[in-house]
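Residue numbers (the UniProt record's numbering), protein chains in the order written: chain A, 1 to 315; chain B, 1 to 854.
So, in structure tokens, the structure goes:
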């Protein structure tokens, strides 16, 4: 599946801004799930400096600076993305119990023993593969720790344990957690802001995609599992018989859980689906703070108004 | 004196640094003790006081932390002990450097399990933005410090590593200077190793970084005067000749770092930073800090600036790493760690031990229950038990245990006797291209330690009788390392390197510094004229008490009214209010208020406070001698604030005399020692403006209106006297003394240094030093204002100025004063607009509208 994405962010300030420095994470990643065929970022007015770098989580960051006085700032990101064929997550071998995974994340070196055990039963992993898998476990373990927006709390663990019953396979349990969030929580854009703690989301059972993602991540981490935050886009379809409006799509967020020997699997608790052919990833991190699409420092400007328009078009 | 020492030996522990196994003074202390035995008790007391005075004078002891004392007795280390410490420190420093480079590079230590990945990844000091990834090497550490104590079994142990902002180098240098001054004979006889080589290596290491750079610029970045170590940063900056800056002086443009100077932006090549990692870049780092330089990390990433110590170094100084260092040494260096740390455990791997201190991963002490009480007062959480020491909703993985340690003692001179206090040393080292160099010296500090930089605080176990008073005071000592070799490190290998940077420091005055110098000049002049005015009033008041001359009393009251009505004090309301009865003309009260009235912006104490604050801001540009007068003034301010002022007392007069003396001496010492390239002309501009404004206010008030002749003469004398012009006036005009001749002298005579015309001409000359903002050939706005003022002055004559109208008003004089005042205001505004850094506050801008998301 191929998509074209246009993401326009616009700031309007009450006063002139004399200098503004920004970091944008608006270039979709290329990874095992998708290829970024081409991507461009336009900034208006013309930036005095623009550079790019790859961050700690391998997201592409665009650094730019506006040294001239301005009252509006428009950042337009356009990309063409090829989604790669994904196996149905339900069809993957769900061979590790969540407790096994927790153990492996703490002791990646034990993977070899597990593999040998399992090898006798089914697949034959080569030695090279095992060491690659160990490295990947080592990296994934970072996402089992609390992060700025996702502290760990006993209440999250209690909530999670209803899905993560003893001995239950990890993927199966994660499906259940996703479904429970989808069914028990109400989507309510008026309830939360960026600073609403996830405990409040859990208590009031309300929120938006970001809250649900953070909550699920908190639940998984409270059990010692590795979960990461994914920011991106989702293709939306207009109501039957209506034409799709321009700019009507939006940014989206979901979570991914780490499964040894398979890797990161994406779950979308807002829609109760796994990411397959409608989810386009922009950036990943421990939580929203790692993937903020556009952040900056301004000198002057007074109050500001932000507007965002996203178009996701299937090609 | 001998008594003191025998007495000390009798009561000392075998674990005293100064005492040998045989119960006598240890061999390496003997030369010192013998030398001291020749002194009398009073002599040693005198030296202790001298050290105290000098420490205060050099200003290393900042105002908020006056509980530091420099002991006249040094700590003495034997050659063998030092050799061990030096080797140990070199090895440990190399190790920390390898750890630093690995953690921000390949992370082999984590992959091999030599350091728990979970510990590093949850550590606040782990700067993910700095991880360079495989194949690239992180920049090495630069200057570090270690706190080292000796436990009672004789083992040296590291209590703390300092790898990002190792404060104390300036203090060590000053301790040495002072200690040599008060203990010179002993110092010379003991064969003490010199420390200056450290600074040369420091400079050479920096210079090596600059090779190839044309026009290189090095700055020392300090959090500013509010920070407890600011005086030290300023000291280092002036010692090394680098520009001292605060974050607001720097800006990142086009991925490069620039210094905002009077002449515009100047590229910065090297930043020696004394700002913590977490505060360094408010754009990229999660915590927004006013001390940050937005965009700095990008400039570092792009290779456009070098930052020392390298960013992220805060991680390796954490006590959390300590328990793993011996294992890492074995694995990486193949040898045991000579200098091991105090015992620390990570609760992610070990049980909490209630005997030990609880610390966060970054090393801050956790005050049990404190978090609980503040955050959870509303809930009646009963799960919390006393045994559970961790704050609520936190995990053991976020904490460390540190076992208390008893340390060896050393003798201190306290209130006329020797007392024994546990001590530790802080040593400094530098990673030069030729390897680690350890400065052969140390700060020796008594326990309890200060908390202020989270250094290792071991428990206060020893409580002798005097500890009640001593607890408040942290004693520091210079540390003498004995050398059997002749000491000639100072002269032996001084290379006359040409440092390209030194010449370039000049001419780059940061805009903020320029602004501070301007205000310093204004406060200096304002302070001087205020003291003069009040001193004069005090004199007249006491004379008046004995006199019954109605004119004399009227004149005194006129001046009192001028002060209390705010005509003669800053901000100089230059118009007489119609309703004078409101204003208190009580002379004695006016004197008191003029010195220390909370609401009067022109009261002496307010002005001197502002003077002191400005002086602190430009500390690095002032010579030691200039600074001494600033310090003396600070003492005077403090006692002015503390003591009830009695207006008639001689004490006030004497105090005012002293203050004038200090202000004049300060002024003299700056004009004598400060080059224009450091911005001295800015100070001078401030002085001249203030003097002109003050003079105008005085003339308006005393001469704006015609007075009866007897009274007029008295007032004229006082006016001239307040302008230090009475003598000149009398000599010059003899029998022609009149308002007219006074006006000629004080306003029109461009050759006379106290006249208005002279101030304006000086300003005109000084403003030539300001970098031009317009094309050559065009007059700058501020110069236009001056030209207008000077022309107005030159085009009037004394007759018309002295002439009064029917109502007795000298309207020509008043309008001239008004005109010049408004041009001076324009001049000041133009300076502000064109030359001073008007730093706008940076604000974080983040994507925050949730409604935009699905």
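Cβ coordinates follow ideal geometry from the N, Cα and C atoms, glycine included.
Assignment of residue 99/B by DSSP, reduced to helix, strand and coil, places it in the helix class. For residue 308/B, the closest alpha carbon among the candidates 329/B, 33/B, 767/B and 430/B is that of 430/B. In this structure, the beta-carbon distance from residue 249/A to residue 233/A falls below 8 Å.
Among the residues of chain B, those whose CB is under 9 Å from the CB of residue 152/A are 393 and 395, following chain order. Cβ atoms of residue 608/B and residue 596/B stay farther apart than 8 Å, at about 10 Å. Every candidate beta strand (DSSP E) stretch fails here, since none sits fully inside the stretch 798-843 of chain B while reaching 3 residues. Taking a contact to require three or more Cβ pairs closer than 8 Å, the stretch 73-88 of chain A and the stretch 3-13 of chain A qualify as touching. Nearest CB-CB separation between residue 730/B and chain A: not below the 8 Å threshold.
When DSSP states are grouped into helix, strand and coil, residue 286/A belongs to the coil group. The three-state reading of DSSP puts residue 630/B in helix, counting H, G and I together. Taking a contact as a CB-CB distance under 8 Å, the pair residue 97/A and residue 167/A counts as one, their CB atoms being some 5 Å apart. Burial is judged here by how many other beta carbons sit within 10 angstroms of a residue's own beta carbon; residue 795/B has fewer than 16 and is exposed.
Secondary structure at residue 57/A: coil, using DSSP grouped into helix, strand and coil. Shown here, residue 247/B sits in a helix according to DSSP, grouped into three states. Residue pairing of residue 169/A in beta bridges, as defined by DSSP: 97/A. Under DSSP, residue 229/A takes part in a beta bridge, and its partners are 255/A and 285/A.
Look at residue 842/B: its C-beta is under 8 Å from a C-beta on chain A.
Chain A places a beta carbon closer than 8 Å to that of residue 129/B, counting this residue as a contact. For residue 347/B, the number of other beta carbons within 10 angstroms of its own is at least 16, and it is reported as buried. Within chain B, 255, 298 and 302 have C-beta atoms less than 8 Å from the C-beta of residue 51/A, given in sequence order. Secondary structure note for residue 521/B: its alpha helix (DSSP H) is the uninterrupted segment 511-546. Within the stretch 57-73 of chain A, those residues whose Cβ lies closer than 8 Å to any Cβ of chain B are, in chain order, 63, 65 and 67. Using a CB distance below 9 Å, no part of the stretch 749-777 of chain B faces chain A. For residue 61/A and residue 297/A, the gap between their C-alpha atoms comes out near 16 Å.
Taking a 10 Å sphere around the C-beta of residue 57/A, we find 16 or more other C-beta atoms and assign the residue as buried. For residue 346/B, the enclosing beta strand (DSSP E) stretches over residues 344-346. Of the other Cβ atoms in all chains shown, 16 or more fall within 10 Å of the Cβ of residue 541/B; this residue is therefore buried. As DSSP reads the structure, residue 365/B sits in a beta bridge with 359/B. Between the alpha carbons of residue 33/B and residue 4/B lies a distance of about 11 Å. Among the residues of chain B, those whose CB is under 8 Å from the CB of residue 142/A are 117 and 121, following chain order. The C-beta of residue 768/B has fewer than 16 other C-beta atoms within 10 Å across all chains shown, which makes the residue exposed.
If you look at residue 162/B, you'll find it isn't in any alpha helix (DSSP H); it sits in the beta strand (DSSP E) that goes 156-162.
Burial is judged here by how many other beta carbons sit within 10 angstroms of a residue's own beta carbon; residue 72/A has fewer than 16 and is exposed. Taking CB atoms only, residue 252/B has a neighbour in chain A less than 8 Å away. Judged by DSSP in its simplified three-state form, residue 600/B adopts coil rather than helix or strand.
For residue 209/A, the enclosing alpha helix (DSSP H) covers residues 209-222.
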